[in-house]
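K.L.:
Have a look at this one.
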Amino acid sequence: MKRFLSLVLSLALILGLCSFAHADDLPTITIMFHGSNVTDDSAVLEKVNEYIADKVGAKLEVIWGTWGDFDEKATNTLATGDSDVDMLFTCSWSADEFNTYAKNGFFEPLDEYFEKDPEFGNALKAALPEALMQAATVEGPEGEKHIYAINGFKDTATQNTWDINVTLLKELGYTVEDVQKLGFFGWGEIFAKAKEVKGDSFYPFLVEPAVAERMVTNTIIVTGDSGSVNLLSYYMDPTDVSKADAKYGNVLLNKFATDEYAAFTKQMREYYQAGYINPALAVAETSNDTRTNAQKEAAYLIGTQSYAYGYEYSAEVIARGVEVQFLPCTEPYVDTTVSQGAMVAINSASQHPEESFRFLALLNSDPYLMTLMNYGVEGVHYTLDDEGLVVFTDERANYTPWTNGMGNVTLLPDTQAEGKGFRESFKEFYASGKAVPVLGFIFNNEPVANEMAALANVAAQYALALDCGAVDPETELPAFLEALNGAGMDAYLTEANAQLSAFLGK
Amino acid sequence: MTTAAAGTGKKIRGRTASLNRFGKGTQAGFHIVLGIFALLCIIPFLFVIIISFTSEESIRQIGYSFHPLSWSSQAYQYTFQLGDQLWRSYFNSFLITVIGTVLSVLITFLYAYPLFRRDYRRRNFFNFLSFFTMIFGGGLVPTFVICKSVLGLSDNYAALIVPMLFSPFNVIIMRTFFQTSVPTELIEAATIDGSGEYRTLFQIVFPIVTPGIATIALLVALGYWNEWFLSLLYINKNMEIIPLQYLLMRMQRNADFLAKNSAMIGADASKAAAQLPSQTLKMALVVFIVVPIACAYPFFQRYVVAGLTVGSVKG
């Protein structure tokens, strides 16, 4: 029996070792990406390895993470000190991993590599704006600040917009200016008209409830706040996002206890009761599916969309078959969460940090490599048209990494769908983003982790239904606030604000 | 004293006999209750099949329904076009389940047998050794380190089989089954007749405990068939060896993740969500997953029921 067990185990061990056996003389570096749809990367990796062999001195292997599994895989890799993965995608929003992991010592501090490899380091510094380097500079295990990741160029700034079905709007006899003038609290008449024209099963107001809340109240996400349901609000001045809201100033507030929130839920309740909002949006399980499908079918009048530059020209929006316009709520702004939106860090357990750094530097500064990794091989995954614009072939379906998750996307050539000059205007748009006053503030929720868990539970119970108008705020909102107080909202707020004043006082 | 005791015994026996005969009304009642229960089990499955044959258009307009507006076999056509990965995964599911079940049952059987033998000196120690792991687990991180770094379970079939080979729970079930159905006298008799340990085990004990083994095999096979978490943990690059369950789970988890983080990912989330497979496709995959294991049930059930009813010691 024991002999048998040991036989099985040693067999497994040998099998496992076999997979390492066929190593080349060049070391292999492995990178793990988020949210990709890649089934065949052999053609790309062949070209990549040809290209980087001399420059980086290593062979590349890629673990193409999918959206759903990345968090678990990354956590496992880092927590177990798995040296098989050298580089990983990281960011602030997915389980807040970047700041926590840097603090836990899971990431290699990169400052010294900039000096060790000046050729690569300088090329990288030239390719990325200083602000991005700043955003990746956070506290390490000893509390000193280091660069812990190479920041990609994903939405350096963000902007929330109302997604407007202009074709339908015109049919109803309104213009985008009318929508803007009437504002969120005055759309009742347009919705009523839409309902009248399109019939009873049509729901004109297609919201992502939590986003709609931020858009109406002009609040931002606080990095480090509970990720599943945000509890804290920071109010910015909608006319100038580089200032805090005059009424509140530089403080963090209980998201659900403000007058603005009460007004928002009251209005949503009105819209919901009038039948302007699909009840399926108020159920967590069906909310996203319903929204995506309605968007695809253009079965809405006004929706919410966290905007990325050029989204109106993307295939998805064009496929809706109607004219779509995105009406911004504020100017583009930069906050901590957004500035840490997509990065790649080096695992501190990596055996090849130098090669990894060289690869990352090259990827983010060399247009050939970035295009190859992102769009695939020319002639296989894409071709160039007469103007030099990228046209994807059918092969692209087997190789579709998450473009923004890879790194410096400004190096990419324009595609035919985006049009010539797209990347230039992309850069301009994001360069125009203004920093909010609390940029760089990261709430360390460790001292109040228990309260946060309890509060998030309470919020999960009430927030979505309230944000969507599915329940009556007259009765539910006070009950919600009381439950939050019972779960320790005061302690949570006090800690958050103490940290914020310490940050601002610096 | 003795007659009185015998009397009560008779009375109880009499009552038991009459308990087995029900009135027509009671019997109809039982039939209705059990019928409803059976329907409750079958209806969700029928619903899944109906959804998998529903047209996307119908789902968009009226959602899931027993009477869809229009029917379509598009999801199935799509799965057949999905080609390699689907059939590969289907094959993997079978392979992992069969190998895993055979090995796991063998290990459980061989571990439980000495624990049942009273003449085995270290049985308490080995009893404790397996029981201990039921109460105290290492947790995810240490388990992962052991499996990946020490045992080399990564990106290979062994990673999907070895971690689930041994379950103390199954060992306890098996040991109890030995204790209740294999009389020690039988083993002693076999020994006296000159049977060696292996012959006793495989030719005398094994036939008696087949119902127990079938029970364990069913549990283990179900476990392997439904397992997807191991693939998530240990399969990084070699996506060719993932089982069907994980293929489905991955779609589901992608959809969930995008739903949760769409505000943060922004426009990219809408793009990715647009690429996700449709509702009907998911249901078609569920059908693919459920059918084989549903077919395996009746086969095992014969033994499981036999195991519950057959007594072993006669006289």
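Residue numbers (our numbering), protein chains in the order written: chain X, 10 to 515; chain F, 4 to 318.
Quick reminder that beta carbons are idealized off the backbone N, C-alpha and C, glycines included.
(1) Three-state secondary structure (DSSP) at Q168/X?
(2) Does E70/X come out as helix, strand or coil in the three-state DSSP assignment?
(3) In chain F, what lies closer than 8 Å to W171/X by C-beta?
(4) Count the other CB atoms within 10 Å of the CB of T194/F; is the residue buried (16 or more) or exposed (fewer)?
(5) Give me whichever residues DSSP pairs with F42/X in a beta bridge.
(6) Can V353/X and A158/X be called in contact, C-beta distance under 8 Å?
(7) N264/F touches chain X at which residues, Cβ-Cβ below 7 Å?
(8) Apply the 10 Å Cβ neighbour rule to A507/X and answer buried if 16 or more other Cβ atoms are within range, or exposed otherwise.
(9) Does the distance from the CB of N373/X to the CB of L133/X come in under 8 Å?
(10) Where does Q360/X fall in DSSP's three states?
(11) On the three-state DSSP scale, how would you describe K2/X?
(12) So within the stretch 111-159 of chain X, which uninterrupted beta strand (DSSP E) runs reach at least 3 residues, ignoring any that extend past its ends?
(13) By DSSP, does W90/F sit in helix, in strand, or in coil?
(14) Mind checking whether L181/X and I156/X have CB atoms under 8 Å apart?
(15) Quick check on the burial criterion: 16 or more other C-beta atoms within 10 angstroms. Buried or exposed for A9/F?
(16) Answer yes or no: do V445/X and V250/X have a C-beta to C-beta separation smaller than 8 Å?
(17) Using the DSSP secondary-structure output, state which residues sit across from E387/X in a beta bridge.
(18) Look at the Cβ atom of A166/X, then the Cβ atom of Y322/X, and state whether they are nearer than 8 Å.
(19) Can you confirm whether I72/X, when its beta carbon is compared against all beta carbons of chain F, has any partner nearer than 8 Å?
(20) For V36/F, which of helix, strand or coil comes out of DSSP?
(21) Who are the near neighbours of G449/X in its chain, counting only those whose CB is closer than 7 Å to its CB and skipping five residues on each side?
(22) Less than 7 Å between C-beta atoms, sequence neighbours within five positions excluded: which residues of the same chain meet that for A293/X?
(23) Measure the Cβ-Cβ separation of D126/X and F366/X and say whether it is below 8 Å.
(24) Of all the residues that make up the stretch 84-96 of chain X, which are near chain F by a beta-carbon distance shorter than 7 Å?
(25) Candidates D234/X, A479/X, E306/X, Y439/X: which alpha carbon is nearest M461/X's?
(26) According to DSSP, simplified to helix, strand and coil, what is A317/X?
(27) Taking 8 Å as the threshold (beta carbon to beta carbon), is T301/X in contact with chain F?
(28) Would you say L69/X faces chain F, with C-beta separation under 8 Å as the test?
(29) A30/X CB to nearest chain F CB: under 8 Å?
(30) Please tell me whether D78/X has its Cβ less than 8 Å away from any Cβ of chain F.
(31) To which residues does DSSP link Y243/X through a beta bridge?
(32) Is there at least one Cβ from chain F nearer than 8 Å to T419/X's Cβ?
(33) Specify, as a first and last residue, the run of the beta strand (DSSP E) that L336/X falls within.
(34) Less than 8 Å between the beta carbons of V47/X and I72/X, yes or no?
(35) Mind pulling the alpha helix (DSSP H) runs of 4 or more residues that sit fully within the stretch 90-174 of chain F?
(36) How about T339/X and Q168/X: are their beta carbons less than 8 Å apart?
P.N.:
Well, looking at it:
(1) Counting from one through the first sequence, the residue named residue 168/X turns up at place 159. Of the three classes helix, strand and coil, the one that applies to Q168/X here is strand, per DSSP.
(2) In the first sequence, residue 70/X corresponds to position 61, counting from 1. In this structure, E70/X counts as strand in the three-state DSSP scheme.
(3) In the first sequence, the residue the question calls residue 171/X occupies position 162. Those within 8 Å of W171/X in chain F number zero; the least Cβ separation is about 14 Å.
(4) The residue given as residue 194/F occupies position 191 in the second sequence. Exposed, by the Cβ-count rule.
(5) Position 33 of the first sequence, counted from the first residue, corresponds to residue 42/X. For F42/X, which the question treats as bridged, DSSP gives the partners W73/X.
(6) As a working note, residue 353/X is residue 344 in the first sequence. As a working note, residue 158/X is residue 149 in the first sequence. Closer than 8 Å, so yes.
(7) Sequence index remark: in the second sequence, residue 264/F carries index 261 (1-based). By Cβ distance, chain X contributes W102, S103.
(8) Against the first sequence, residue 507/X aligns to sequence position 498. Exposed is the call here.
(9) As a first step, residue 373/X must be located in the first sequence, where it is residue number 364. As a first step, residue 133/X must be located in the first sequence, where it is residue number 124. Yes.
(10) Counted from its first residue, the first sequence places residue 360/X at position 351. Note: Q360/X maps to coil in three-state DSSP.
(11) This structure gives no information on residue 2/X, because the portion of chain X shown stretches from 10 to 515.
(12) 146-148, 154-156
(13) Counted from its first residue, the second sequence places residue 90/F at position 87. Here W90/F sits in helix by DSSP.
(14) By one-based count along the first sequence, residue 181/X stands at place 172. By one-based count along the first sequence, residue 156/X stands at place 147. Going by C-beta atoms, L181/X is not nearer than 8 Å to I156/X.
(15) Residue 9/F sits at position 6 when you count from the first residue of the second sequence. In this prediction, A9/F scores a pLDDT of 43, lower than 50, which makes its location untrustworthy; the coordinate-derived value is nonetheless stated afterwards. The residue is exposed, with fewer than 16 neighbouring Cβ atoms inside 10 Å.
(16) The residue labelled residue 445/X in the question sits at position 436 within the first sequence. The residue labelled residue 250/X in the question sits at position 241 within the first sequence. Their beta carbons are under 8 Å apart, which means V445/X touches V250/X by this criterion.
(17) Looking up residue 387/X in the first sequence gives position 378. Per DSSP, Y391/X.
(18) Taking the first residue of the first sequence as 1, we reach residue 166/X at position 157. Taking the first residue of the first sequence as 1, we reach residue 322/X at position 313. Their beta carbons are not under 8 Å apart, which means A166/X does not touch Y322/X by this criterion.
(19) Residue numbering aside, residue 72/X sits at position 63 when the first sequence is read from its first letter. Yes, I72/X counts as interfacial toward chain F.
(20) If you number the second sequence from 1, residue 36/F lands on position 33. The answer is helix: DSSP assigns V36/F an H, G or I state.
(21) Residue numbering aside, residue 449/X sits at position 440 when the first sequence is read from its first letter. Contacts found: T345.
(22) Here residue 293/X refers to the residue found at position 284 of the first sequence. L473, listed in sequence order.
(23) Taking the first sequence and counting its residues from 1, the one referred to as residue 126/X is at position 117. Taking the first sequence and counting its residues from 1, the one referred to as residue 366/X is at position 357. Yes, Cβ-Cβ distance for D126/X and F366/X is below 8 Å.
(24) N85, A88, T89, D91
(25) Counted from its first residue, the first sequence places residue 461/X at position 452. Minimum Cα distance to M461/X is reached at D234/X.
(26) As a first step, residue 317/X must be located in the first sequence, where it is residue number 308. It is coil, neither helix nor strand.
(27) Numbered from 1 along the first sequence, position 292 holds the residue referred to as residue 301/X. Closer than 8 Å to some Cβ of chain F, the Cβ of T301/X qualifies, so yes.
(28) Your numbering for residue 69/X matches position 60 in the first sequence. False, the Cβ-Cβ gap to chain F never drops below 8 Å.
(29) In the first sequence, residue 30/X corresponds to position 21, counting from 1. The predicted position of A30/X is uncertain, since its pLDDT is 46 and thus under 50; a value taken from the coordinates is nonetheless stated next. So, not an interface residue.
(30) Within the first sequence, the letter at position 69 stands for residue 78/X. With 8 Å as the cut-off, D78/X counts as an interface residue toward chain F.
(31) Sequence index remark: in the first sequence, residue 243/X carries index 234 (1-based). I229/X.
(32) As a first step, residue 419/X is located in the first sequence; it is residue number 410 there, counting from the start. Not an interface residue.
(33) Translated into positions along the first sequence, residue 336/X becomes position 327. Unbroken beta strand (DSSP E) run through L336/X: 333-337.
(34) Here residue 47/X refers to the residue found at position 38 when the first sequence is read from its first residue. Here residue 72/X refers to the residue found at position 63 when the first sequence is read from its first residue. No; because the gap between Cβ atoms is not below 8 Å, this pair is not in contact.
(35) 126-138, 143-148, 160-164
(36) In the first sequence, the residue the question calls residue 339/X occupies position 330. In the first sequence, the residue the question calls residue 168/X occupies position 159. Yes. Within cutoff.
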